[in-house]
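What follows is a single structure, written as structure tokens, with notes after it.
Protein chains: 2
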Amino acid sequence: MSQNNPNIDKAKLTEDLLDAVAKGDLEQISALFSHLVPEEIAELLEATPSKDRQVLWQAIPTDQQGEILTHTNEEVRANLLTTMESHEIAGLAEELETDDIVDIAQSLKPEEQEALLSSLDEQERTAVETALSFPEDTAGGLMSTDFISVRADIALDVVLRYLRQLGSLPASTTTLFVRDRDDHYVGTLKITDLLVHDGETLVEELVNTHIPAVRAYLPAKTVAHLFEKNDLISAPVVNDNNQILGRITIDDVVDIIREEAEHAQMASAGLDEDEDIFAPARRAAKRRTFWLGINLLTAIFASIVIGLFDASIEKVVALAVLMPIIASMGGIAGTQTATIVIRALATGKLAKSNSRSLLIKETTVGLFNGLIWAILTGTAVLLWFQDAALSAIFATAMLINLIAAAFAGAMIPLVLQRLKIDPALASGLMLTTVTDSLGFFVFLGLATIVLL
Amino acid sequence: MSQNNPNIDKAKLTEDLLDAVAKGDLEQISALFSHLVPEEIAELLEATPSKDRQVLWQAIPTDQQGEILTHTNEEVRANLLTTMESHEIAGLAEELETDDIVDIAQSLKPEEQEALLSSLDEQERTAVETALSFPEDTAGGLMSTDFISVRADIALDVVLRYLRQLGSLPASTTTLFVRDRDDHYVGTLKITDLLVHDGETLVEELVNTHIPAVRAYLPAKTVAHLFEKNDLISAPVVNDNNQILGRITIDDVVDIIREEAEHAQMASAGLDEDEDIFAPARRAAKRRTFWLGINLLTAIFASIVIGLFDASIEKVVALAVLMPIIASMGGIAGTQTATIVIRALATGKLAKSNSRSLLIKETTVGLFNGLIWAILTGTAVLLWFQDAALSAIFATAMLINLIAAAFAGAMIPLVLQRLKIDPALASGLMLTTVTDSLGFFVFLGLATIVLL
Chain D
1 MSQNNPNIDK
11 AKLTEDLLDA
21 VAKGDLEQIS
31 ALFSHLVPEE
41 IAELLEATPS
51 KDRQVLWQAI
61 PTDQQGEILT
71 HTNEEVRANL
81 LTTMESHEIA
91 GLAEELETDD
101 IVDIAQSLKP
111 EEQEALLSSL
121 DEQERTAVET
131 ALSFPEDTAG
141 GLMSTDFISV
151 RADIALDVVL
161 RYLRQLGSLP
171 ASTTTLFVRD
181 RDDHYVGTLK
191 ITDLLVHDGE
201 TLVEELVNTH
211 IPAVRAYLPA
221 KTVAHLFEKN
231 DLISAPVVND
241 NNQILGRITI
251 DDVVDIIREE
261 AEHAQMASAG
271 LDEDEDIFAP
281 ARRAAKRRTF
291 WLGINLLTAI
301 FASIVIGLFD
311 ASIEKVVALA
321 VLMPIIASMG
331 GIAGTQTATI
341 VIRALATGKL
351 AKSNSRSLLI
361 KETTVGLFNG
371 LIWAILTGTA
381 VLLWFQDAAL
391 SAIFATAMLI
401 NLIAAAFAGA
411 MIPLVLQRLK
421 IDPALASGLM
431 LTTVTDSLGF
441 FVFLGLATIV
451 LL
Chain X
1 MSQNNPNIDK
11 AKLTEDLLDA
21 VAKGDLEQIS
31 ALFSHLVPEE
41 IAELLEATPS
51 KDRQVLWQAI
61 PTDQQGEILT
71 HTNEEVRANL
81 LTTMESHEIA
91 GLAEELETDD
101 IVDIAQSLKP
111 EEQEALLSSL
121 DEQERTAVET
131 ALSFPEDTAG
141 GLMSTDFISV
151 RADIALDVVL
161 RYLRQLGSLP
171 ASTTTLFVRD
181 RDDHYVGTLK
191 ITDLLVHDGE
201 TLVEELVNTH
211 IPAVRAYLPA
221 KTVAHLFEKN
231 DLISAPVVND
241 NNQILGRITI
251 DDVVDIIREE
261 AEHAQMASAG
271 LDEDEDIFAP
281 ARRAAKRRTF
291 WLGINLLTAI
301 FASIVIGLFD
311 ASIEKVVALA
321 VLMPIIASMG
331 GIAGTQTATI
341 VIRALATGKL
351 AKSNSRSLLI
361 KETTVGLFNG
371 LIWAILTGTA
381 VLLWFQDAAL
391 SAIFATAMLI
401 NLIAAAFAGA
411 MIPLVLQRLK
421 IDPALASGLM
431 LTTVTDSLGF
441 FVFLGLATIV
451 LL
């Protein structure tokens with residue numbers, strides 16, 4: 001087995017490293033680092049409180065720092081870069097491919113970015129500047145300029161001579177990009193085709209024109225879907241004239257897929273995917289306090305609804321005891337529906353034509369669950385309070401709130417999506433406003449009419 | 001541009017297709033299908049209500065059905081397979097690689113699985129049976145047996161002759177696996193090395209021993225992390241004797257990465273990642289009702305806490321109006337912390353040694369936010385109810401509940417993880433139990449002592 005054995009205990013290694021950091025034992029740290037790949041060291045940096053993180057960072061050989069930085073999340077990267085001098089940052093670029101230099105450049109202040117760019121050679125500088133000219137979350141911002149393209153009208157032998165002359169090929173090269181005489185993208189040529197076909201065969205006889213080219217301004221999220229759908233390893237990035245600008249490889253796309261999938265979870269709690277888990281408490285508090293403020297508004301709205309019925313509660317205090325159950329069950333049922341709808345929207349599985357079917361299905365689910373829980377909880381209330389009217393009111397409110405929760409859980413994300421507001425971000429709060437306020441209103445309102 | 005142009009409007013195409021299904025226009029359906037790759041058709045099937053799904057499925061040429069099935073989620077796949085006859089299922093396997101046949105076989109009942117296996121040739125059958133002998137969510141269950149391995153002690157020319165003889169290579173082949181005389185895995189040989197090196201060079205001079213081999217019983221989740229960390233395109237799967245059994249490629253891993261990332265979101269609402277969004281309402285209701293039942297227990301617990309103080313509420317009805325605000329703010333603050341901790345645990349960034357730092361940081365965040373919101377909401381209550389004592393009690397309860405929420409939000413997932421219970425599944429409910437019950441208890445308890 002290789003030294004990079006996946007089957008040994010990485011958790012133990014991490015523990016040892018963090019222990020060594022706690023003791024400030026630089027020698028031990030370096031020894032342990034030798035067992036880790038850059039991505040793992042990056043994860044370790046993310047997993048380390050800010051103070052210890054500096055100790056770890058100092059222990060990393062400078063020629064590895066660049067690659068490690070490209071694997072950390074944005075906040076940690078920015079945090080580490082602020083501790084470095086301009087000349088150190090310039091040094092980072094030496095060992096990196098252009099797409100990784102772009103990642104780092106995107107985290108720098110303009111003057112540091114300038115220092116980094118000026119340390120590059122002409123060709124690299126142009127490549128990095130091209131990529132920087134595109135927004136970070138587009139194909140252009142993701143691409144590397146390390147790719148090999150060949151003309152369609154040459155023979156395989158010529159291609160082979162050219163490759164031998166280059167000596168080494170960029171990582172993850174499974175295909176060469178094929179262009180016509182005017183540099184337009186035509187398709188791809190599999191490297192393996194070079195091995196199994198006769199040298200006099202022309203590239204154009206073997207070119208695969210089904211591999212899509214990606215426009216530079218295509219959103220990163222769409223690029224990720226394209227890779228997933230077509231099982232791509234790499235794809236060319238083209239400008240509006242269909243000329244090849246660069247290449248995107250699956251390893252960059254995997255990070256986007258993970259971030260995109262985690263987005264809904266983080267957004268629903270008002271959090272950013274790129275948050276540093278060891279960001280200073282004050283900074284973290286500042287960010288989250290906004291979200292708490294928004295939530296306060298919805299909670300106050302629910303309180304106002306309760307306040308409308310204060311006279312009823314004063315007379316039948318059991319209402320105050322039972323009302324949170326109605327609200328809570330509605331919240332859970334609505335969240336189940338909303339979670340499914342938000343995921344279906346994110347993965348492009350919901351469109352105009354099938355959203356009505358989904359709405360009907362989810363409301364039916366709400367009806368089933370509403371009936372089941374109305375009967376069960378109504379009976380429980382009857383046993384607890386020995387009051388048939390209260391029990392009937394509770395069961396009715398439960399039924400109405402569970403149906404409404406299912407309907408709102410499906411409608412709210414759909415409407416937000418139509419309004420171009422991120423459903424993952426806003427659905428939860430809006431849903432709770434509905435299920436809490438409506439739950440309190442129906443239960444207390446019915447009680448006021450019937451009991452008083 | 002190729003016909004598979006990623007920049008055109010796929011949403012429009014989907015709308016048109018679903019329209020054609022609604023009209024039962026088979027000709028139009030076939031015409032539209034020709035613009036889609038199998039993964040896209042699979043997504044479309046998932047996005048189609050059960051009744052229409054059958055119409056779509058009938059319109060798909062049988063030679064494409066197999067590949068499409070490998071791309072659908074498990075529930076939809078099982079749903080479509082139940083409508084097929086044994087001989088039709090056997091026909092599916094014809095166009096597929098062995099890892100895809102395994103996917104389908106895993107969704108079949110034993111007797112259908114047998115029919116499928118018996119339709120395969122000797123070699124395929126052995127390969128599929130080997131993969132089926134491993135659990136679905138391990139490296140062995142994921143692997144394909146379509147790989148090429150070469151001996152370390154032969155020359156590149158010999159390798160080239162062998163490849164030419166094969167004629168075509170499995171998809172995503174960027175490397176060949178290298179074995180020793182006793183068939184033990186040694187490392188990998190880049191295909192591109194065959195192009196740029198002299199034919200007399202021996203394989204062992206170029207072999208890369210740093211590409212990890214994966215043990216067949218390694219969990220799929222760990223395999224995915226390994227691919228992400230090492231930017232792998234493919235990796236060999238080996239048995240306990242380090243002999244190569246098969247190959248895992250990045251396209252299979254991408255699906256695992258997405259499912260794993262979405263797991264926390266789905267689990268927190270008591271949902272399964274593989275749920276069919278158009279499952280019959282009754283089935284969906286049955287599944288979700290369990291989750292509602294568990295939630296009911298936590299809601300009843302909170303109600304019992306309120307019930308302890310019914311005398312106080314009867315005297316000061318403002319308590320009933322205000323108490324949901326305390327509980328709600330605690331729930332949100334706790335969820336923010338728990339979301340971060342659950343994600344850090346899932347990505348392996350939290351270990352024993354750094355969890356104390358995180359606990360301190362999150363509790364400090366709770367203290368900051370508690371102070372801010374205690375002051376703001378205390379002031380609001382003073383203005384609303386013109387009651388200084390009530391305002392002070394409210395502010396104190398808010399402070400205590402926000403600190404407790406942050407502490408519990410960090411502790412609960414950490415403890416669950418230690419107990420080997422999935423934190424994504426159970427944290428939310430346990431957290432709500434704490435923040436609701438504690439919020440009500442502190443607020444109503446303080447009020448009972450001070451006001452009455």
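The listed protein sequences correspond, in order, to chains D and X. Note that UniProt numbering has the first sequence beginning at 1, numbered continuously upward. Note that UniProt numbering has the second sequence beginning at 1, numbered continuously upward. Idealized CB from N, CA, C, for every residue including glycine.
Among the residues of its own chain, which have a CB less than 8 Å from the CB of residue i, if the five just before and after it don't count?
| i | result |
| --- | --- |
| D:V207 | A152, V178, V186, G187, T188, L189 |
| D:N369 | A333, L402, A406 |
| D:A389 | V450, L451 |
Assign residue i to one of three DSSP states: helix, strand, or coil.
| i | result |
| --- | --- |
| D:A397 | helix |
| X:H184 | strand |
| X:G24 | coil |
| D:V159 | helix |
| X:P324 | helix |
| X:L69 | helix |
| D:K352 | helix |
| X:N208 | strand |
| D:I277 | coil |
| X:V178 | strand |
| residue 511 of chain X | The question about residue 511 of chain X has no answer here: the residues shown for chain X are numbered 1 through 452. |
| D:L17 | helix |
| X:L451 | helix |
| X:L202 | strand |
| X:K315 | helix |
| D:E85 | coil |
| D:T48 | coil |
Against chain D, with Cβ distances strictly below 8 Å, would residue i count as a contact?
| i | result |
| --- | --- |
| X:S2 | Because X:S2 carries a pLDDT of 35, less than 50, the predicted location of this residue cannot be relied on, and the following value inherits that uncertainty. At least one chain D Cβ lies under 8 Å of X:S2. |
| X:D99 | no |
| X:N354 | yes |
| X:I427 | In the sequence on display, residue 427 of chain X carries Ser and not Ile. Chain D, which has no Cβ nearer than 8 Å to the Cβ of X:S427, makes this no. |
| X:F147 | no |
| X:K23 | no |
| X:I317 | Contrary to the premise, residue 317 of chain X reads as Val rather than Ile in this sequence. Yes, X:V317 counts as interfacial toward chain D. |
| X:T435 | no |
Between which residues of its own chain and residue i is the CB-CB distance below 6 Å, once the five residues before and five after are set aside?
| i | result |
| --- | --- |
| X:L202 | A155 |
| D:G428 | S268 |
| X:S149 | F177, R179, I244 |
| X:A374 | A395, M398, L399 |
| X:A338 | G409, P413, S427, L431 |
| X:R125 | L117 |
| X:G439 | I326, A327, G330, N401 |
| X:F385 | A318 |
Under a CB-based cut-off of 8 Å, is residue i close to chain X?
| i | result |
| --- | --- |
| D:A47 | yes |
| D:E275 | yes |
| D:F278 | yes |
| D:V442 | no |
| residue 458 of chain D | As displayed, chain D neither begins before 1 nor continues past 452, which places residue 458 of chain D out of reach and without an answer. |
| D:W57 | no |
Give me, in chain order, the residues of the same chain whose beta-carbon lies closer than 7 Å to that of residue i; leave out the 5 immediate sequence neighbours on both sides.
| i | result |
| --- | --- |
| residue 459 of chain X | Nothing about residue 459 of chain X can be read from this structure; chain X reaches only from 1 to 452. |
Per the contact definition of three or more C-beta pairs closer than 8 Å, is the region 112 to 124 of chain D in contact with the region 76 to 92 of chain D? yes
So, do the region 278 to 297 of chain X and the region 255 to 264 of chain X have three or more beta carbon pairs nearer to each other than 8 Å? no
Which ranges would you report for the beta strand (DSSP E) in the region 129 to 155 of chain X if only whole runs of at least 3 residues count? 149 to 151
Every unbroken beta strand (DSSP E) inside the region 405 to 439 of chain X [3 residues or more]: none
Can you list, in chain order, the stretches of the alpha helix (DSSP H) that have 4 or more residues and sit fully within the UniProt domain "CBS" (207 to 265) of chain X? 220 to 230
Kindly confirm or deny that the region 36 to 46 of chain D and the region 227 to 234 of chain X touch, where touching means at least three C-beta pairs closer than 8 Å. yes
Check whether the region 265 to 281 of chain D touches the region 244 to 256 of chain D, counting contact only when three or more Cβ pairs, one atom from each stretch, lie closer than 8 Å. no
Does the structure place the region 309 to 328 of chain D close enough to the region 250 to 258 of chain D that three or more beta carbon pairs sit under 8 Å? no
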